[in-house]
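> Structure below; questions to follow.
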Amino acid sequence: MSSATPALPPSLFTNGSLSSPQNISKTDLNSFVKVSDPGGFKWRLVIAYDGTKFAGWQYQESPPTVQSMLEKALTQITKLQRKELHLVGAGRTDAGVHAWGQVAHFVTPFNYTSLDSIHSALNGLLPQDIRVREIGAAVPEFHARFSCRSKVYRYQIYSDTFMDPFQRHFAYHTAYKLNACKMREAAQHFVGKHDFSAFANATREDGVPDPLKTISRFDVIEMGSLLQLEVEGSGFMYRQVRNMVALLVQVGKEALDSDIVPMILETKDRRELAKYTLPAPPHGLCLVSVKYKEDHLQLPPDSPLTSFGRHHTITKCKLPFY
1 MSSATPALPP SLFTNGSLSS PQNISKTDLN SFVKVSDPGG FKWRLVIAYD GTKFAGWQYQ
61 ESPPTVQSML EKALTQITKL QRKELHLVGA GRTDAGVHAW GQVAHFVTPF NYTSLDSIHS
121 ALNGLLPQDI RVREIGAAVP EFHARFSCRS KVYRYQIYSD TFMDPFQRHF AYHTAYKLNA
181 CKMREAAQHF VGKHDFSAFA NATREDGVPD PLKTISRFDV IEMGSLLQLE VEGSGFMYRQ
241 VRNMVALLVQ VGKEALDSDI VPMILETKDR RELAKYTLPA PPHGLCLVSV KYKEDHLQLP
301 PDSPLTSFGR HHTITKCKLP FY
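Take the sequence shown: its letter number 200 is residue 200 in our numbering, and every next letter is one higher.
What follows is the structure, given as structure tokens:
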């Protein structure tokens, strides 16, 4: 390890709060940081967020996005510019879409010997509707997007005469009593490898994406008035999940038969789906988890332990006058 102080040191932390850089000695700095090889160090984040107030994941200066808020916090902590961080997310969730298990990675030219304080500082700087659940070192081969093996999305529908106010930001309301059995039957037609061109909205961001995707499962789970539609697949095209859910809702209303799914898949034409339904609204959708190749999740040598957050404990209760 070099004894020289890094040109762009990260902020250090005292008792969970940011420490002033001018108060950090060279000895203190080197106890937390190791200067890297030219390749740098890679860090993996698992992030949860309520997407209600955000214009999606992808970076924009205005209005705020989840990526822009994360980069703002990371630049304060690492003292790096956002372009140096190379923050990449596993998926570009739309405006209003939520996540419990979004994954991202970023790079630094230095290594840390402990991640708990950085984890605490990140959540201290982020707004309350974004939380980093986990931060850990990643091997050079890991890529938040391209190492992905599968993604799990969940769409929630509240099917009752009036909307539960506690569900209004996280579930789509329909006053129709949906037939979950028919929806379950129709959902099975999505399972397998198909061309999903008919269920993808056009986007200029990804050029011409591969429409062949593999769906490994599509579950319809009843929880009283709440229906959870959970789908796992190798990848999803732009608004594909919301379009699939929208068609299943029409089947659940018994306005369409379940065999409408293979018929529309066969057309490979988005205009065919548009004859029957519009995309389901974004607020019912949540990115639950992203699954990766096992070897890409290994900790690299000489790396700190993964941080899952610290629990505060009290060893003795001290009350006045007792």
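Ideal Cβ positions, reconstructed from N, Cα and C, are used throughout, including at glycine. Fair warning: this is a prediction, and the values are worked out from it, not measured in the lab.
CB-CB under 6 Å to T267, same chain, minus the five flanking residues each way: which ones, in chain order?
Here the set comprises A198.
> By DSSP, does E230 sit in helix, in strand, or in coil?
DSSP places E230 in strand when its eight states are reduced to three.
> Just how far apart, CA to CA, sit L229 and Y158?
Computed Cα separation, rounded: 11 Å.
> Tell me whether F162 is buried or exposed, calling it buried when 16 or more other Cβ atoms sit within 10 Å of its Cβ.
With fewer than 16 other Cβ atoms within 10 Å, it is exposed.
> Who are the Cβ neighbours of E232 in its own chain at under 6 Å, not counting the five residues just before and after it?
Closer than 6 Å at Cβ, skipping near neighbours: S150, V152, S216, R217.
> Taking C-beta to C-beta, are G89 and Q60 nearer than 8 Å?
Contact: no.
> Curious, which full-length beta strand (DSSP E) runs of at least 3 residues does the region 279 to 315 contain?
DSSP runs (the beta strand (DSSP E)) wholly in the region 279 to 315: 285 to 292.
> Helix, strand or coil for L319 per DSSP?
Coil at L319, not helix or strand.
> Would you mind giving the Cβ-Cβ distance between C148 and V290, rounded to the nearest angstrom? I have them listed as a contact below 8 Å.
Right, the Cβ-Cβ distance comes to about 6 Å (below 8 Å), so this counts as a contact.
> Would D164 be called buried (16 or more neighbouring beta carbons within 10 Å of its own) or exposed?
By the neighbour-count rule (16 or more Cβ atoms within 10 Å), D164 is not buried but exposed.
> Straight-line CA distance for T52 to T108?
Those two C-alpha atoms are separated by around 31 Å.
> Quick one: which unbroken beta strand (DSSP E) runs of 3-plus residues sit fully inside the region 140 to 220? Chain order, please.
Segments of the beta strand (DSSP E) lying fully in the region 140 to 220: 148 to 159, 172 to 174, 192 to 195.
> Go through its chain and collect everything with a Cβ distance to Y292's Cβ below 7 Å, but skip five positions before and after it.
Cβ within range, chain order: S147, C148, R149.
> Under the assumption that V288 contacts W100 (Cβ atoms under 8 Å), give the Cβ distance between them as a whole number of angstroms.
With a Cβ gap of about 5 Å, V288 and W100 count as contacting.
> Quick check: the Cα distance between Q81 and G40, rounded to an integer number of angstroms?
Using only the alpha carbons, I get a separation of about 15 Å.
> If you draw a straight line from the C-alpha of H311 to the C-alpha of L278, how long is it?
Those two C-alpha atoms are separated by around 45 Å.
> My guess is that N403 and G284 are in contact by the Cβ rule of under 8 Å, so how many angstroms apart are they, rounded?
Past the edges of the chain, shown from 1 to 322, lies residue 403, and the structure says nothing about it.
> Smallest Cα separation from K177: which of L273, D269, Q250?
Here the closest residue by C-alpha is Q250.
> Measure the alpha-carbon distance for F190 versus R133 and round it to whole angstroms.
Whole-angstrom Cα-Cα distance: 32 Å.
> Kindly give me the distance between the Cβ atoms of L247 and L273, rounded to whole angstroms, as I take these residues to be in contact under 8 Å.
With 8 Å as the limit, L247 and L273 qualify as a contact, their Cβ atoms being about 7 Å apart.
> If you draw a straight line from the alpha carbon of A138 to that of A144, how long is it in whole angstroms?
Their backbone Cα atoms lie some 10 Å apart in a straight line.
> How far does the beta strand (DSSP E) with E134 in it extend, from its first residue to its last?
Start and end: 130 to 138.
> Ignore the nearest five residues each way along the sequence and tell me which others in A175's own chain have a CB closer than 6 Å to its CB.
These residues qualify, in order along the chain: T161.
> Hey, how far is the Cα of H98 from the Cα of C286?
One C-alpha to the other measures close to 5 Å.
> Starting from I47, follow its DSSP beta bridges and name the residues at the other end.
In the DSSP output, where bridge partners are listed per residue, I47 has Q102, V132.
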